[in-house]
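Chemist: Its first residue numbered 17, the sequence shown is counted upward by one per residue in our numbering.
Here it is: the structure, laid out below.
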Amino acid sequence: MPLFSIPLGLPLLFEIVALLVLLLIGIIIIVIVAKVLLFFLPAAIIAIVVWFLTESWFWAGVAFLVIAFISVLKRK
Numbered sequence: 017m018p019l020f021s022i023p024l025g026l027p028l029l030f031e032i033v034a035l036l037v038l039l040l041i042g043i044i045i046i047v048i049v050a051k052v053l054l055f056f057l058p059a060a061i062i063a064i065v066v067w068f069l070t071e072s073w074f075w076a077g078v079a080f081l082v083i084a085f086i087s088v089l090k091r092k
């Protein structure tokens, strides 16, 4: 016998509404994370290339910041 039984009526409706709200919030978070990752993708690629060429974390970081700054200016 289950510990918690789901009574029919309002509590079941509440659970369905809560499920839909949580699904909507999850989808919104996934979309925001995907947009942020796509925004930083060019800067990350350039930083990786610079790191492979120079093997310097400093110059890779500088390249990442410069490309990210240019991306921010380009979007506005």
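Note that CB positions come from ideal geometry on N, CA and C, so glycine has one too.
Just to confirm before moving on: does the CB-CB distance between Ala50 and Ala84 stay below 8 Å?
Modeler: Walking along the sequence shown from the start, residue 50 turns up at place 34. Walking along the sequence shown from the start, residue 84 turns up at place 68. Not a contact, by the Cβ cut-off of 8 Å.
Chemist: Thinking C-alpha only, which one of Val66, Ile86, Leu35 is nearest Gly77?
Modeler: The residue you call residue 77 lines up with position 61 of the sequence shown. Considering only alpha carbons, the answer is Val66.
Chemist: Can you list the beta strand (DSSP E) stretches of 3 or more residues lying completely in the stretch 50 to 86, in chain order?
Modeler: none
Chemist: Under 8 Å Cβ to Cβ from Ile62, same chain only, skipping five residues before and after it: list those, please.
Modeler: Along the sequence shown, one-based indexing puts residue 62 at 46. Same-chain partners within the cutoff: Ala79, Phe80, Ile83.
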